[in-house]
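Residue numbers (the working numbering): 12 to 217.
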């Protein structure tokens with residue numbers, strides 16, 4: 012009889028431990044979900060922080076949105092459809108970054124006359140030519156006597172994206188843990204004429 016009681020007690024202890032473990036797992040999952048939604052809400056409510064680097068380049072700082080793939084496909088349907096057109100077969104989506112830029116350049120250049128002789132014609136045609144250029148921008152074109160302008164416009168940019176992570180500390184002040192406290196994304200435009208209007212960084216949760 013004692014043997015059965017012992018086995019019954021052991022079974023009850025194992026069942027209790029299993030129940031506690033399952034409940035703890037559920038609580039941790041719910042806590043993570045709550046923290047994710049809270050972090051996403053804070054990120055969405057924050058304005059994009061714009062600033063200038065030491066070299067006077069325009070930059071922007073933004074928090075990270077964490078979405079499940081199903082959430083991304085639902086709330087960012089146009090982006091998800093565009094990504095499907097990429098050559099990403101057999102690969103998993105991990106993160107998506109979008110940025111809106113505005114480039115305003117004060118134009119200053121030279122207008123010169125260019126004489127053109129047309130084949131079979133003894134008269135000459137004078138065209139007004141425009142040449143404007145710097146390391147990031149160039150405009151070259153001509154204006155015909157009837158007022159038609161034809162030219163080429165080139166705007167160049169170089170974007171640097173930096174992701175930084177702040178980890179939680181044990182008891183909030185001791186050694187760092189592996190749990191992430193905060194993620195931030197900095198985007199810098201190397202083109203001094205470019206202003207960053209908006210940034211969004213989305214991590215896809217597995």
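Every residue gets a Cβ at the ideal spot worked out from N, C-alpha and C, and that includes glycine.
In this structure, the straight-line span from the alpha carbon of residue 144 to that of residue 66 is close to 22 Å. In terms of CA proximity to residue 171, 71 leads the group 60, 71, 29, 53.
For residue 87, the three-state secondary structure derived from DSSP is coil. Its chain contains 83, 107, 109 as the residues whose beta carbon lies nearer than 8 Å to that of residue 90, once the 5 sequence neighbours on both sides are disregarded; these appear in chain order.
The region 171-185 and the region 139-155 do not touch, with fewer than three beta-carbon pairs separated by less than 8 Å. Rounded to the nearest angstrom, the gap between the Cα atoms of residue 26 and residue 34 is 12 Å. Leaving aside the five residues that flank residue 57 on each side, the residues in its chain whose CB is nearer than 7 Å to its CB run, in chain order, 74. Within the DSSP secondary-structure output, residue 148 pairs in a beta bridge with 145, 166. The residue from 203, 98, 102 with its alpha-carbon nearest to that of residue 167 is 203. DSSP places residue 103 outside both helix and strand once states are collapsed to three, so it counts as coil. Of the candidates 153, 207, 157, the residue whose Cα lies closest to the Cα of residue 169 is 207.
Nearest to residue 119 by C-alpha distance, out of 135, 142, 105, is 142. The straight-line gap separating the alpha-carbon atoms of residue 205 and residue 182 is approximately 43 Å. For residue 189, the enclosing beta strand (DSSP E) starts and ends at 187-200.
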